[in-house]
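> Okay, here's the structure, questions in a sec.
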Amino acid sequence: MFLRTCLYVSLVIIALGQTPLSVYSQTRMTAPGVPYTLATHRAAILRDIQYDLNFTIPEQKDSPVPATEKLTFTLSDNRSPLVIDFKGESRIAAGNGDNWPVRVNGAMVPVRYEDEHLIVSPAHLHIGTNTVALSFIPGNPALNRNGDFLYTLLVPDRARTLFACFDQPDLKAIFTLSLTIPSGWKAVSNAPLRDSATVTAVTTDTPGTITYRFLPSDRISTYLFSFAAGKFTETTRSVDGRTLHFYYRETDSSKLRLSLDSIFRIEGQALQFMKEYTGIAYPFQKFDFVAIPDFQFGGMEHVGAIQYKASSLFLDSGATREQFIGRSNLLSHETAHMWFGDLVTMSWFNDVWMKEVFANFMADKITEYHEALNVTLPDGNYDLKFLTDHFPAAYSVDRTGGAHPIRQQLDNLQEAGSLYGNIIYHKAPIMMRQLESRMGATAFRDGLRDYLKKYAGGNASWPDLIRILQAHTSSDLLKWNDVWVNGSGRPRLSYHLGVASGKITDLTLHQQGEDGSPRVWPQLFGLALVYKDRVEELTVNMNAPQVRLPAAIGRPAPLCILFNANGQGYGLFPVDPHSIPWLLRDDNSTPVPGSAGPGTATPLMRASAYINLYENMLDGLAVTPRQLLDFDRRALSWEPEELNLNILLDQLTSLFWRWLPPSSRDSAVADIEDDLWQAMQQVSNPNEKKLLFRTYSGIALSRKGEDRLYTIWKTRQPPAGVKLSEEDYTSLAAALALRAYPGDSAILQEQLTRIRNTDRRQRLQYLLPSLSNDPLVRDRFFVTLKDARARRKEAWVLAALSYLHHPLRTAASEKYLPASLEWLDDIQRTGDVFFPQSWLQATFGWYRTRTAAAVVWDFLRRHPAYNPKLKAKILQATDNLFRAEKLGK
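Position one of the sequence shown corresponds to residue 60 (our numbering), numbered consecutively onward.
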C-alpha cells in the first residue's frame, strides 16, 4: 500500500481561458483504470518507450495464449514507484497472490499488483534506460477470438488488458511483435513483415505453426497497436507506387468482383487527397487493411493495419447509393485518421473527438473532391450529403436530456468509452464546417497544416489547435468555442415577418437555447423567400440574440419562407405553415418542386424542410405525427432525389412504429403498404426501388403483405428491378418469423441451409433463439446476456436485441427493461466503446408506453449517484420513449 501515501499531484488545466477542464488535488494514483493524475505524472518522467511482444496463438480458441514481453523505457526520475497498467483476465506466469515475479533490469524481483497495476519499487529502478520483462497470459476480450481468426481492438484503454503497458495516448512507443500461429493462417500488424518461419506438424494432434516476425513499428500510441491473424485471403494492389495489402474472409465471388477494385481505388484517392490537403505525404511505413466479419465498429484506424467491418466494404449489384456513399466515407474516414489521430494524437482522451471530427470532416471533403468517388454522388451535391449524414444524427442526441458538450471532462481513461457518440461524430463536423466558413477555407486549411507540422509524431490538445487557428483569423475563436465546443444543446429560432402593401417591412430572427437559456450560436445559414415564379435566397449571419435582415426589406411578400434553406444552419428552425402545401404541390399557383422551372425547390431545400418538419413534430409544433406521416406518404410518390427519398422512408418507418398508437397503426398499414408498393413500381432507379422495398418489408403487416414477402423469399424472385442479396433474404426470413408467419421455424432453418459463408451462417445460428416465437426460448436467451462472455460478439448481440424488442414484441419484452438497465454498468466496463449506447438504443428504441417510461424513471430514482455519463446515455436512448408517450396522449 506504499503508493497510496505518496505521489499526489495538484493540477489545473485551463482551456482557452474558460472554466478549468479538470481540477485534481490529493488524488490517489492507483485507482482502477488510468487516472489522469497518473497519466500526467508518467508523461513527465518517461520517454523512449519500446515494447517487444511475443504471442503464441493456439488453434483452439479457448486455449490460453502464452505471451512474453520486454518493456524498455528511459526514466528521468526514480524517486517514486513505477506504475504499469495491467488489467482483466491477464495473468503473469507463476504468480503468487498479489506478488508477481517480474524481471526488472535483469533481476527477478517481486512486483506488487494493485488496482489493475503492476507497481515496481524505486529500489529496482534507475535514472536512464530500464527494462521490465515478464511472461503472461493475455485476456481474451482484447483478442476477439473466433474459430479460425482473431484480431485485437484496444481503443481506448484495452491495451492494458492485452499486455503490461503505459496505456495513455501521449506515451507513444515502438512495438516489435512476433506471432506464432497455426500453419495456414496469415497475420498482419502495424509494421512490415521482417521474416517468417514454419514448424511442420509432428503428429495430427499437434498442428504445424508459422511464426511471423515484424519489423519495429512507427512510434504510436498503445490504443493503435494491433494485429489480426487467421484464415484470411490476401490480395494486393499497387496504388501511386505503394503496395497495399488487403486481408478478408468474404467468399461471395460476385461481391469480390464488384468491390475489390473500388475499395483499392477509394483508398488510393483518399491517400492522395490527404497528401495534397495537408502537404504531408503518408507518414507511416506501410498501408494495409483487414475486413473483419461483424466488426464492432465501422472501422478502426490502426497504423498500417486498418480494420473494417466486412459487410460495409463488400457490396453487391443490389447495393443502394446510400451504401456506396457509406463505403466511400468509411474508407476515407479511416484513411484521414492516419494524419488526424495517428500522426498527431490527442494528448488525453477528453479530446478523442478531435481525431473523429477531422476524420469525418476530411472524409466528406474526399467524397466531394474526387470525380471517381462521385460515381456514388453523380450530381456532386455535397451539401445535401453533408446535411443528411450529420444533422439528423446530431439532433437525435442534442435535443435530449442527455445532451453534452463536444469536449467533455475525463478523469480516468476507463471512462473514455462513454465519450463516444453522435455528438463527436456528427455535431462536431457541423461545428467544424461552421468554423471553416467563419475563417475561410484557405485560412482554415493553412492553420491545419501548421498544426500537423508542429505536432507531427506527437500529441496535441484542442487548445493547442485553437491557438494555431486563431493566428489565421481575426474572428474571436474563444467566444465561438465557448458555445459550440464547451456548450451543449442547440438553439431554437423564431421569426417575425412584417408586411404592408404587399411588401416586406420587417424580417427579424430570434434565437435562444432550446432550454430557454439566453445563449447565442454564431452561425451562417440560408433563408429562402418563395414566390410564384422564383425562389430568392438570403444569407443570415446569426451572431446575436436578434438579427434583422435589411436585405429582405422592400421585397414583395413571399408565398412562404423556407428556413435553413441551404442546410448549413444548426438548431430547431421555425416552419412557415404555408410552406407545407407548397412542398406538397397543393398550391397550384406555384411551380412543381423538382421541376426545371425557375421556382424549383432544390433537393437541398427539400431535405432541410423534411428534417425541420420532423424536428418540429417531435416538439409538438407545426404538425402532428399523423399529419407528418400523411405528408411523407404523399411526398415519396414524387420525390426524385434518392437521398431525400431515404429521409422520407426513415421518417415514415419511425412514424409508423414509434409515433402512431397500435390502433392507428393497424388501420393505416394497408394504405401505407399500397403506397410503398405502387411507388416502387413507378420509379425506375434500382436504388430507389431497393429502398422502397426495404421499407415495405419492414412495415408489411397485412396478410396480403406477409404472403407477398413469403413468396419472394420462397421463390427467390424479387419484384421487377429489385436486386436482393443473401443478407436480404435472411432479413426477409427474420421479418416473417417476427410476424409469426406459418412455418416460421422451418423458414429460418431453410434460410440457414441457403447460407454458404461460414461467418454469416454462424451469425444466423446465434440469432435463432431471439427470433423464436416461443417466449420461454427468448427469455432463456435474454438471461444469458447477463454474462459478459455471452456479449463478446457485440454485433450479433445488437441484432438479437433488435428482434427481442421489435415493435411487434414490445408488450412481451417490456419485462426485459429493468435488467437491461441494471446490467448497463457492467456492459460499460466489459464492452467496446459504442456498445453501451447501442445496447440502450436497441433495447428502448421502439417503446412508447407509460409503463416502459416508468421503468426508466424508477431506475434513475433508485440510483441518484449513477455514473453521469451513463445516465446521459440512458436519457439519450429513451428520449423518443418519453416524447412518444407525451405525443400519444
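Glycine included, C-beta positions come from ideal geometry on N, C-alpha and C.
Please state the DSSP three-state secondary structure of E495.
By one-based count along the sequence shown, residue 495 stands at place 436. The answer is helix: DSSP assigns E495 an H, G or I state.
> Would you kindly check if the distance between the Cβ of Q109 and the Cβ of T131 is under 7 Å?
Locating residue 131 in the sequence shown gives position 72, where the first residue counts as 1. Locating residue 109 in the sequence shown gives position 50, where the first residue counts as 1. Yes; because the gap between Cβ atoms is below 7 Å, this pair is in contact.
> Buried or exposed: where does L112 fall if 16 or more other Cβ atoms within 10 Å of its Cβ makes it buried?
Within the sequence shown, numbered from 1, the residue matching residue 112 stands at position 53. L112 is buried by the Cβ-count criterion.
> If V93 and D144 are in contact, beta carbons under 8 Å, what's the gap, nearest whole angstrom?
For the purposes of this step, residue 93 is taken as residue 34 along the sequence shown, with counting starting at 1. For the purposes of this step, residue 144 is taken as residue 85 along the sequence shown, with counting starting at 1. 6 Å between Cβ atoms; contact.
> Along the chain, which unbroken stretches of the alpha helix (DSSP H) at least 4 residues long are found entirely within the segment 716-780?
You should have 721-741, 745-758, 762-774.
> Taking the beta strand (DSSP E) that Q571 falls in, what are its first and last residues?
Position 512 of the sequence shown, counted from the first residue, corresponds to residue 571. Its beta strand (DSSP E) spans residues 562-572.
> Where in the segment 87-120 do unbroken runs of the beta strand (DSSP E), each at least 3 residues long, occur, reported from the N-terminal end onward?
Whole beta strand (DSSP E) segments, 3+ residues: 105-115.
> Could you have a look at K414 and say whether DSSP puts it in helix, strand or coil?
In the sequence shown, counting from the first residue as 1, residue 414 sits at position 355. K414 falls in the helix class under three-state DSSP.
> Straight-line CA distance for S496 to G628?
For the purposes of this step, residue 496 is taken as residue 437 along the sequence shown, with counting starting at 1. For the purposes of this step, residue 628 is taken as residue 569 along the sequence shown, with counting starting at 1. Spanning the two alpha carbons is a distance of roughly 12 Å.
> Of the choices Q529, Q741, G289, P581, whose alpha-carbon is the least far from that of G546?
Here residue 546 corresponds to residue number 487 of the sequence shown, with the count starting at 1. Answer by Cα proximity: P581.
> Measuring straight from C-alpha to C-alpha, what distance separates F222 and F284?
Taking the first residue of the sequence shown as position 1, residue 222 is located at position 163. Taking the first residue of the sequence shown as position 1, residue 284 is located at position 225. Straight-line Cα distance between these residues: approximately 11 Å.
> Which residues bound the alpha helix (DSSP H) around L688?
Position 629 of the sequence shown, counted from the start, is the residue given in the question as residue 688. Taken as a continuous stretch (DSSP letters only), the alpha helix (DSSP H) holding L688 covers 684-694.
> Quick check on A943: buried or exposed, where buried means 16 or more other Cβ atoms within 10 Å of its Cβ?
Position 884 of the sequence shown, counted from the start, is the residue given in the question as residue 943. Its Cβ being crowded by 16 or more others within 10 Å, A943 is buried.
> What is the DSSP secondary structure of R551, reduced to helix, strand or coil?
Position 492 of the sequence shown, counting from 1, holds the residue named residue 551. Three-state result, R551: strand.
> Between the alpha carbons of I620 and L566, how many angstroms are there, rounded?
Within the sequence shown, the letter at position 561 stands for residue 620. Within the sequence shown, the letter at position 507 stands for residue 566. Taking the straight line from one Cα to the other gives about 11 Å.
> Tell me the DSSP secondary structure of M397 in three-state form.
As a position in the sequence shown, residue 397 is number 338, starting the count at 1. DSSP places M397 in coil when its eight states are reduced to three.
> So for R907, helix, strand or coil by DSSP?
Within the sequence shown, residue 907 is the residue found at index 848, counting from 1. It is coil, neither helix nor strand.
> I'd like to check one pair, D226 with D216: are the Cβ atoms closer than 7 Å?
The sequence position of residue 216 within the sequence shown is 157, counting from 1. The sequence position of residue 226 within the sequence shown is 167, counting from 1. Going by C-beta atoms, D216 is nearer than 7 Å to D226.
> Could you compute how far the alpha carbon of Q529 sits from the alpha carbon of D535?
In the sequence shown, the residue the question calls residue 529 occupies position 470. In the sequence shown, the residue the question calls residue 535 occupies position 476. Approximately 8 Å, taken between the alpha carbons.
> Between which two residues does the beta strand (DSSP E) harbouring R607 extend?
Along the sequence shown, read from residue 1 onward, the residue named residue 607 stands at position 548. Residues 605-607.
> Assuming the contact rule is C-beta atoms closer than 8 Å, R848 and D353 should be a hit. Round their C-beta distance to whole Å, please.
Stepping through the sequence shown from its first residue, residue 848 is reached at position 789. Stepping through the sequence shown from its first residue, residue 353 is reached at position 294. Their Cβ separation, rounded to whole angstroms, is 16 Å, which puts R848 and D353 out of contact at 8 Å.
> Using a Cβ-Cβ cut-off of 7 Å (strictly less than) and excluding sequence neighbours within five positions of P577, which residues of its own chain qualify?
Within the sequence shown, numbered from 1, the residue matching residue 577 stands at position 518. Within the same chain, P577 has close Cβ partners Q571, P604.
> Measure the C-alpha to C-alpha separation of Y862 and F840 and round it to an integer number of angstroms.
Here the question's residue 862 lines up with position 803 in the sequence shown. Here the question's residue 840 lines up with position 781 in the sequence shown. In a straight line, the C-alpha of Y862 is about 12 Å away from that of F840.
> Nearest to M167 by CA position, among S194, G517, L494, S370, is which residue?
Within the sequence shown, the letter at position 108 stands for residue 167. Checking every option, the nearest Cα to that of M167 belongs to S194.
> Would L443 pass as a contact of L702 if the rule is Cβ separation under 7 Å?
Indexing the sequence shown from 1 puts residue 443 at position 384. Indexing the sequence shown from 1 puts residue 702 at position 643. Yes, the Cβ-Cβ distance between L443 and L702 is below 7 Å.
> Determine the closest residue to P488 out of L446, P228, N671, with distance taken between C-alpha atoms.
On the sequence shown, residue 488 is found 429 positions in, with the first residue counted as 1. The shortest C-alpha separation from P488 is found at L446.
> Are at least three pairs of beta-carbons, each pair with one atom in the segment 233-251 and one in the segment 279-297, less than 8 Å apart?
These segments touch.
> Taking all protein chains shown into account, decide if A799 is buried (16 or more other Cβ within 10 angstroms of its Cβ) or exposed.
In the sequence shown, residue 799 corresponds to position 740, counting from 1. Result: exposed.
> Restricting to Cα atoms, I'd like to know which of L807, G613, K562, Y554 is closest to V599.
Locating residue 599 in the sequence shown gives position 540, where the first residue counts as 1. The candidate whose alpha carbon is nearest that of V599 is Y554.
> Rounded to whole angstroms, what is the Cα-Cα separation between E596 and L588?
Here residue 596 refers to the residue found at position 537 of the sequence shown. Here residue 588 refers to the residue found at position 529 of the sequence shown. Rounded to the nearest angstrom, the two C-alpha atoms are 6 Å apart.
> Whose C-beta lies closer than 6 Å to the C-beta of K368 among residues of the same chain, with five residues either side of it excluded?
Within the sequence shown, numbered from 1, the residue matching residue 368 stands at position 309. F354, G357.
> Counting C-beta neighbours from all protein chains within 10 Å, is the total for Q740 16 or more, i.e. buried, or is it exposed?
Position 681 of the sequence shown, counted from the first residue, corresponds to residue 740. When all chains shown are included, Q740 counts as exposed.
> At the level of alpha carbons, what is the spacing between D470 and N518?
Looking up residue 470 in the sequence shown gives position 411. Looking up residue 518 in the sequence shown gives position 459. In a straight line, the C-alpha of D470 is about 18 Å away from that of N518.
> Runs of 4 residues minimum, wholly inside the segment 794-849: which ones carry the alpha helix (DSSP H) assignment?
Segments of the alpha helix (DSSP H) lying fully in the segment 794-849: 803-813, 817-830, 834-843.
> Return the Cβ separation of F348 and V362 in integer angstroms, given the expectation that the two are a contact with Cβ distance under 8 Å.
Here the question's residue 348 lines up with position 289 in the sequence shown. Here the question's residue 362 lines up with position 303 in the sequence shown. Actually they are not in contact, since the Cβ atoms of F348 and V362 sit about 11 Å apart, beyond 8 Å.
> Would you grab the beta carbon distance between A475 and F420 for me? Rounded to a whole angstrom, and I think it's under 8 Å.
To locate residue 475, count along the sequence shown from 1; it is residue 416. To locate residue 420, count along the sequence shown from 1; it is residue 361. Their Cβ separation, rounded to whole angstroms, is 21 Å, which puts A475 and F420 out of contact at 8 Å.
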